[in-house]
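Let me begin by presenting the structure, written as structure tokens, before commenting on it.
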Amino acid sequence: MMAYHFGRGRARLAPYLLLIPGIFLYFLIALGPSLATTVFSFTNATGIRGAPINWIGWENYREFLFLGQASLDNYAALGRTLVFCFFVTTIQFSLGLLMAMLVNQRLKGTNFFRTLFFMPVILGAVIQGLIWSLFLYPLGGPMARILENFGVRSEFFGGQPTEAFAWVIVVQIWANMGTTMVIFLAGLQTISDELYEAAQIDGANSWQVFTNVTWPLLTPSVNTNLLLNIIGSLQAWQLFLVLIGYRNGTQVLGYLVYAQGFGQTSGSVTSAFRQGYAAAASIVLFLLVLVLGTVTQTILQRREKRIMG
Amino acid sequence: MKKNTIFVVVALVLVMILSACGTQATETAQGPAAAEKVTLKVLVHQNPPMVDFMTKFNDEFTKRHPNITIDMSVVNANDLSTVTQTRLTANDVDVVDMFGFANAAQPYMKNVDPPNWQTLIEAGYLLDLTDQPFVKNYDEPTIRDAGTYNGKVYEINLGRVSYSGIYYNKDLFTANNVKVPTTWSELVAACETFKAADIPCMTAGGKDGWPIFVGAYGLTGALYPDQQALVEGLWTGTIKWNDAKAVEMWEKMKVYAQDMMEAGASGIAGDAAPGRFASGAVAMFPGGTWYASAIEAAQPSFQWGYIPFPGSDNPEDNKYLFGKYDQGWVVAAKTPNKEAALLYLSEFSDPANYQAFANAVGFIPTQPNATLDTQIGKEVAPYLANFRVGLEQYWVAPKGAGQYANPWASYFKPFGTYDDPKELADKVQADLQSGLDANQ
Numbered sequence: 001m002m003a004y005h006f007g008r009g010r011a012r013l014a015p016y017l018l019l020i021p022g023i024f025l026y027f028l029i030a031l032g033p034s035l036a037t038t039v040f041s042f043t044n045a046t047g048i049r050g051a052p053i054n055w056i057g058w059e060n061y062r063e064f065l066f067l068g069q070a071s072l073d074n075y076a077a078l079g080r081t082l083v084f085c086f087f088v089t090t091i092q093f094s095l096g097l098l099m100a101m102l103v104n105q106r107l108k109g110t111n112f113f114r115t116l117f118f119m120p121v122i123l124g125a126v127i128q129g130l131i132w133s134l135f136l137y138p139l140g141g142p143m144a145r146i147l148e149n150f151g152v153r154s155e156f157f158g159g160q161p162t163e164a165f166a167w168v169i170v171v172q173i174w175a176n177m178g179t180t181m182v183i184f185l186a187g188l189q190t191i192s193d194e195l196y197e198a199a200q201i202d203g204a205n206s207w208q209v210f211t212n213v214t215w216p217l218l219t220p221s222v223n224t225n226l227l228l229n230i231i232g233s234l235q236a237w238q239l240f241l242v243l244i245g246y247r248n249g250t251q252v253l254g255y256l257v258y259a260q261g262f263g264q265t266s267g268s269v270t271s272a273f274r275q276g277y278a279a280a281a282s283i284v285l286f287l288l289v290l291v292l293g294t295v296t297q298t299i300l301q302r303r304e305k306r307i308m309g
Numbered sequence: 001m002k003k004n005t006i007f008v009v010v011a012l013v014l015v016m017i018l019s020a021c022g023t024q025a026t027e028t029a030q031g032p033a034a035a036e037k038v039t040l041k042v043l044v045h046q047n048p049p050m051v052d053f054m055t056k057f058n059d060e061f062t063k064r065h066p067n068i069t070i071d072m073s074v075v076n077a078n079d080l081s082t083v084t085q086t087r088l089t090a091n092d093v094d095v096v097d098m099f100g101f102a103n104a105a106q107p108y109m110k111n112v113d114p115p116n117w118q119t120l121i122e123a124g125y126l127l128d129l130t131d132q133p134f135v136k137n138y139d140e141p142t143i144r145d146a147g148t149y150n151g152k153v154y155e156i157n158l159g160r161v162s163y164s165g166i167y168y169n170k171d172l173f174t175a176n177n178v179k180v181p182t183t184w185s186e187l188v189a190a191c192e193t194f195k196a197a198d199i200p201c202m203t204a205g206g207k208d209g210w211p212i213f214v215g216a217y218g219l220t221g222a223l224y225p226d227q228q229a230l231v232e233g234l235w236t237g238t239i240k241w242n243d244a245k246a247v248e249m250w251e252k253m254k255v256y257a258q259d260m261m262e263a264g265a266s267g268i269a270g271d272a273a274p275g276r277f278a279s280g281a282v283a284m285f286p287g288g289t290w291y292a293s294a295i296e297a298a299q300p301s302f303q304w305g306y307i308p309f310p311g312s313d314n315p316e317d318n319k320y321l322f323g324k325y326d327q328g329w330v331v332a333a334k335t336p337n338k339e340a341a342l343l344y345l346s347e348f349s350d351p352a353n354y355q356a357f358a359n360a361v362g363f364i365p366t367q368p369n370a371t372l373d374t375q376i377g378k379e380v381a382p383y384l385a386n387f388r389v390g391l392e393q394y395w396v397a398p399k400g401a402g403q404y405a406n407p408w409a410s411y412f413k414p415f416g417t418y419d420d421p422k423e424l425a426d427k428v429q430a431d432l433q434s435g436l437d438a439n440q
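So the sequence lines, in the order shown, correspond to chains V and B.
The numbering of the first sequence is the numbering used here, which starts it at 1 and goes up by one.
The numbering of the second sequence is the numbering used here, which starts it at 1 and goes up by one.
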């Protein structure tokens, strides 16, 4: 029988008392707002304290999913969110792995490059947006000049919605790849050199070493990165706000929630704040994240169990 | 004994944490003790000449009233309503710059949400200014149309602006022998002349989105001079965005977006566009009267003029200037600094100060005895009798309407995806109709 570290009598309550602040903060900061969002999604809340809030049942969901062309535009935003998630996850994952393997070499200057690749992560979305807005300034910005040499010109973020959307994917990957790289790097450094030496003695080439030693032993890092990338890209909205604003053909669900909640959709500065409707949209986004996250996690856990035992 | 000590220490720590929270909450609820010194928190939107003027006004105000300190925050126009709401509900602001009351629900509109200003008033966040003496300094129609709700005055509006005009570069017009256009055909010909001389015809602050479509309001206005009636017609189905008249508008918008606007305009920020025009690099700049001060500040010797956007081939249709009531002052109803806030507005509304403000910012005055003694004032003077409030001030989209249900030139390439005016006209009407049908 295991000894109980906190003793007997009233002292047994100590761990529970210690848990109270954490649970309190969890309810206050995490669970509380989530539950409140669910409740607000059934109301016509404007977010203005003191303004009347009426219970309108499923009306926000009906409007979001079934009312007129706007609901079809919402489905288009949903599709765009999945496209964004697919490209960001696959490219960020692959590049992060590649970068981690490069900076994991025993070469001079690897610390410098680790810092360099990770640096965008510590910048906020506004700074990231500013850097790329300047880099992609269509009237003589650096990229415009490079393209000019090839006889190509572009409006970048202000041009065709598909092109603007593609540039946001690029910036999102640039901004977050450092985190992916660091997680992979941590995983790579847990793999013992002896395994690589044994593989080399067995005559394995570089590809065989990667597929049979590195990749299987990176499984925990792979799982973490995939989940973080998928969830992070599904919830992305700040870069859309900073780089593009509310433009037809570019919205993803995360940004739609913000735009509806804070009256950014009509071009008029006096638009209503539809926070009840935005809450319903965010619940739809939450369900999307939940389904994709759960499916991904189930598949990854099975794979991890198979490989790691 | 040792185990009991652990229990006591944990309990004490918890009590300390909880009592710390409690103390904080009590202090917040009671508010700071009344102090002789007052910090008046003022929120304004980014408009460089206005911010410059307000900075000077604040300095003079604090010299006259040394016990009052002004803490002025400046936010982007797109963020003003969000920040206003946040700070009003947190009781963290005293005086707020709020755009003139607009977009009110009309009897023919079904199932629409009230505008933000109306919700703020109904929730008790804006102070009733009806009986304040300084309200009488402003003209009655302005107070009624832009600052009154349910018979009470909540805002003093500081000026009207026009956004349907074009600034033109006098030197470039003279050097290229181009006559100032008074019709659409003349405008098209002028742009062709400039383009042939390798001079971009027009620029706009496209990075902010709205300057591209606001710049083309003259096209809508020339065809639909009564914009309030246009909104009612669209809601009731007597006007459609794809009828013959509207298709003419879309065809012209395509020319505006693709042939008149300079390449790269989408990257120019709204407050950088006046500088680009003042640099002499482009011939014209469709935009609001509020840009005049920034143009003058960027290049004082620059020679420019301002005309209504000629959207029609009949000069008679081009005599209108469309615009809106711009900035106004509201006071937070729950401000602990009510006296200081009202004093601030009272001194601001002093006719001499207001005249200086109108001159600095370029607003069309809303005080009856003020005049716009600046170049932009002289430029717009001939058209002021034909000043009309624009579509965006009346428009409220029906719920369920698609994202294209607006008359915006920015839907055309290179800013949007459309190339064919008729195709776009049908799409805009279909998106609008979808919302109208959904609310039947």
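For each residue, glycine too, the CB sits at the ideal point set by N, CA and C.
On a predicted model such as this, the values are computed, not experimentally measured, just so you know.
{"Asked": "Chain-order list of residues whose beta-carbon lies under 7 Å from that of Lys-422 (chain B) (same chain, five-residue window excluded)", "Found": "Val-247"}
{"Asked": "Any alpha helix (DSSP H) of 4 or more consecutive residues that is wholly inside the stretch 144-207 of chain B", "Found": "170-175, 184-196"}
{"Asked": "With 16 other Cβ atoms within 10 Å as the buried cut-off, status of Phe-112 (chain V)", "Found": "exposed"}
{"Asked": "Outcome for Gly-151 (chain V) when other beta-carbon atoms lying within 10 angstroms are tallied against a minimum of 16", "Found": "exposed"}
{"Asked": "For Glu-262 (chain B) and Arg-327 (chain V), the rounded distance between their alpha carbons", "Found": "The requested residue 327 (chain V) is not part of the displayed model; chain V covers only 1 to 309."}
{"Asked": "Check whether Ile-231 (chain V) and Gly-293 (chain V) have beta carbons under 8 Å apart", "Found": "yes"}
{"Asked": "From V:Phe-262, V:Tyr-196, V:Asn-229, V:Asp-202, residue whose alpha carbon lies closest to that of Trp-215 (chain V)", "Found": "V:Tyr-196"}
{"Asked": "Closer than 8 Å to chain A by CB, Leu-123 (chain V)", "Found": "Protein chains in the displayed structure are V and B, and chain A is not among them."}
{"Asked": "Cβ-based contacts, 9 Å cut-off: residues of the stretch 257-269 of chain B near chain V", "Found": "Glu-262, Ala-263, Gly-264, Ala-265, Ser-266, Gly-267, Ile-268, Ala-269"}
{"Asked": "Residues of its chain near Tyr-125 (chain B), where Cβ-Cβ distance is below 6 Å and the 5 sequence neighbours each way are ignored", "Found": "Leu-88, Ala-333"}
{"Asked": "Between the CA atoms of Tyr-246 (chain V) and Lys-110 (chain B) - distance to the nearest angstrom", "Found": "25 Å"}
{"Asked": "Among B:Val-93, B:Ser-81, B:Asp-92, B:Leu-127, nearest to Pro-115 (chain B) - alpha-carbon criterion", "Found": "B:Ser-81"}
{"Asked": "Residue burial classification, Pro-32 (chain B) (beta-carbon count within 10 angstroms, cutoff 16)", "Found": "Reliability of the predicted coordinates at Pro-32 (chain B) is poor, the pLDDT of 38 falling under 50, and the value obtained from them is presented with this limitation in mind. With fewer than 16 Cβ atoms within 10 Å of its Cβ, Pro-32 (chain B) is classed as exposed."}
{"Asked": "For Thr-130 (chain B) and Val-153 (chain B), believed in contact at Cβ under 8 Å, the rounded distance", "Found": "5 Å"}
{"Asked": "Chain B contacts made by the stretch 45-77 of chain V, where a contact means CB separation under 8 Å", "Found": "Thr-46, Gly-47, Ile-48, Arg-49, Gly-50, Ala-51, Pro-52, Glu-63, Leu-67, Gly-68, Gln-69, Ala-70, Ser-71, Leu-72, Asp-73"}
{"Asked": "Pair within 8 Å by beta-carbon distance, Lys-324 (chain B) and Gln-393 (chain B)", "Found": "yes"}
{"Asked": "Extent of the continuous beta strand (DSSP E) run through Phe-387 (chain B)", "Found": "387-389"}
{"Asked": "Assigned exposure category for Asp-259 (chain B) - 16 Cβ within 10 Å defines buried", "Found": "exposed"}
{"Asked": "Of the residues V:Glu-59, V:Leu-228, V:Phe-117, the one placed nearest Tyr-277 (chain V), counting alpha carbons only", "Found": "V:Glu-59"}
{"Asked": "Proximity test, Cβ basis, 8 Å: Pro-310 (chain B) and chain V", "Found": "no"}
{"Asked": "Within 7 Å of chain V by C-beta, residues of the stretch 93-124 of chain B in sequence order", "Found": "Phe-99, Ala-102, Asn-103, Asp-113, Pro-114, Pro-115, Asn-116, Trp-117, Thr-119, Leu-120, Glu-122, Ala-123, Gly-124"}
{"Asked": "Interface partners of Arg-247 (chain V) on chain B, CB under 7 Å", "Found": "Gly-209"}
{"Asked": "Residue range of the alpha helix (DSSP H) that includes Tyr-61 (chain V)", "Found": "59-66"}
{"Asked": "Under 7 Å by beta carbon: chain B residues contacting Gly-158 (chain V)", "Found": "Gly-206, Lys-207, Ser-266, Gly-267, Phe-415"}
{"Asked": "Bounding residues of the beta strand (DSSP E) (the contiguous stretch that carries Val-152 (chain V))", "Found": "Counting along the chain, Val-152 (chain V) falls outside any beta strand (DSSP E), and DSSP gives it neither H nor E."}
{"Asked": "Continuous beta strand (DSSP E) stretch holding Phe-322 (chain B): start and end", "Found": "321-325"}
{"Asked": "Span of the beta strand (DSSP E) around Val-75 (chain B)", "Found": "68-75"}
{"Asked": "Continuous alpha helix (DSSP H) stretch holding Met-284 (chain B): start and end", "Found": "Element bounds for Met-284 (chain B): not the alpha helix (DSSP H) but the beta strand (DSSP E), 284-287."}
{"Asked": "Host alpha helix (DSSP H) of Leu-19 (chain V) (start-end)", "Found": "14-25"}
{"Asked": "Exposure of Gly-390 (chain B), with buried meaning 16 or more beta-carbon neighbours within 10 Å", "Found": "buried"}
{"Asked": "Partners in chain V for Ala-430 (chain B), counting only beta-carbon separations shorter than 9 Å", "Found": "Gln-69"}
{"Asked": "Members of the stretch 133-145 of chain V that neighbour chain B once the beta carbon cut-off is set at 9 Å", "Found": "Ser-133, Leu-136, Tyr-137, Pro-138, Leu-139, Gly-140, Gly-141, Ala-144"}
{"Asked": "Proximity below 8 Å, CB of Gly-218 (chain B) to CB of Ser-164 (chain B)", "Found": "yes"}
{"Asked": "Contacting residues, own chain, Cβ-Cβ under 6 Å from Leu-127 (chain B) (five flanking each side not counted)", "Found": "Val-331, Ala-333"}
{"Asked": "Proximity test, Phe-285 (chain B) beta-carbon vs the ligand COA heavy atom, cut-off 7 Å", "Found": "Summarising the ligand content, the structure contains no ligands, and the ligand COA is consequently not present."}
{"Asked": "Beta-carbon spacing of Asp-271 (chain B), Pro-407 (chain B) below 8 Å", "Found": "no"}
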